[in-house]
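See below for the structure under consideration.
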Amino acid sequence: MREYLLVAVVAGVVTYLTTPAIRALAVRFGAVTPVRGRDVHSVPIPRLGGVGMLLGFAAAVLIASRLRYMSQLFQGANHQVVATLIAAAFITAVGAVDDFRELDPLTKLAGQMIAAGVMAFGGVQLSALPTGDSSTILPQPILILLTFVIVLATTNAVNFADGLDGLAAGFVAIAAIAFFLWAYQVAHQYQNASDSVFRTSAFVSAVTAGCCLGFLPHNFFPARLFMGDAGALLLGLLLSASTISFTGNIQPSQVGSQSAAFWVPIALPIAILALPVLDVILVVRRRGLKFWKPDRGHLHHKMLDIGHSHRRAVLLLYLWSASLALGVLMFTYVSTTWALTALVLLVALSAALTRWLPRWKRTRSL
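The sequence shown begins at 38 in our numbering and counts up one residue at a time.
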């Protein structure tokens, strides 16, 4: 655990310290988000924050390769961490170019697919699908196709969620922490050749959380710097790497609670990404085939429309994300009754605050 905490702290500190320099570069070379009709900021804000997070991730990988326990992730034929770093650098470069020049959707999609291919070639790919008390082995082409689908879905989900100051970074931090807790638990208990796969997932999750927490002081409302596509695509890729390397290699019987063995390996990734994925589904339904066309109909826009302030909307969406992710995670630690009770209470609290706080504020102002 100490080495995981160390690499997370390294990622956070490097991200935090390098971000001001990245902001200066963004201002100097014109990577600035103008004020558009769908935006909630009132002045142009520089973007390109993903480059700082990439530097944090790279620094954590370098430190990990020198640690006694973590260095095992770089030995032998295990290239997953290195492949993830290469893919992360590539997709951040694609996003950075978009932050400067506004790439067309097909070019960005091609960049995401190349990054997914780099990870798959390096071993970050589904090996099986968790079903029942075991895993179902599918033909290799199908598993690789599903790997690509997960990468594309996750990167675009995070990108769509990046609409309020600090929202996407907070979402991903919560998701990464939840995934780390689960991956670390199984990696600690399950000792065989697949242990390195679970430790890779735990490592990427811990470092991703560190990068997000290091970036949030610069990005929380009022933001001084946006992560831009460089950051949104990077965080989506890292989150998908954690999901693929863990869920695609676990035997459901390894989950702590046998009552949860069937569905937790599938439900936890869904819960972690529930709000961003729901936003993507609503976007596709609303926009049709031209789903990449921007508008002001995202979930975070709806939170503002019903009367929440910018900061409170972000905090409430954090609460929703944490309630779903941690609520499902509890099924692996406590009995089904207690876990279900906690999940229902957390969701009920989130719903009550979302609905009641604007009314309370209006009542006080009368």
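In this text, a Cβ means the ideal position worked out from N, Cα and C, and glycines have one as well.
When the Cα atoms are used, Phe217 and Leu182 turn out to be separated by approximately 25 Å. In the structure shown, Pro142 falls within a helical segment according to DSSP collapsed to helix, strand and coil. Where Asp266 is concerned, the enclosing alpha helix (DSSP H) starts and stops at Gly265 to Thr284. Under the three-state reduction of DSSP output, Val69 falls in the strand class.
Comparing alpha carbon positions, the residue from Ala362, Thr121 and Leu336 closest to Val351 is Leu336. Considering only Ala120, Pro176 and Ala308, the residue with the shortest C-alpha distance to Ala157 is Ala120. Secondary structure at Ile82: strand, using DSSP grouped into helix, strand and coil.
In its chain, beyond the 5 residues on either side, Phe258 have a beta carbon closer than 7 Å to the beta carbon of Arg348. In the DSSP assignment, Gln109 falls outside any alpha helix (DSSP H), carrying neither H nor E. Boundaries of the alpha helix (DSSP H) around Thr184: Gln177 to Ala198. Under the DSSP assignment, Arg349 falls in the alpha helix (DSSP H) whose first and last residues are His347 to Leu366. Around the CB of Ser108, fewer than 16 other CB atoms lie within 10 Å, so the residue is classed as exposed.
Of the residues Thr284, Val371 and Thr144, the one whose Cα lies closest to the Cα of Leu180 is Thr284. Closest by C-alpha distance to Ile343, out of Gln149, Leu394, Gly273 and Ala130, is Leu394. Annotation for Met90: the continuous alpha helix (DSSP H) segment containing it runs Gly87 to Ala101. Of the candidates Phe137, Gly148, Phe185 and Ala147, Phe185 places its Cα closest to the Cα of Gly160. From the listed residues Tyr355, Gly364, Gly67 and Phe368, the smallest Cα separation to Leu204 is found for Tyr355.
CA-to-CA, the gap between Val188 and Thr391 works out to about 31 Å. For the pair Phe235 and Ser164, the Cα-to-Cα distance works out to about 13 Å. Nearest Cα to Cys249 within the set Ala308, Arg39, Ala206 and Ala389: Ala206.
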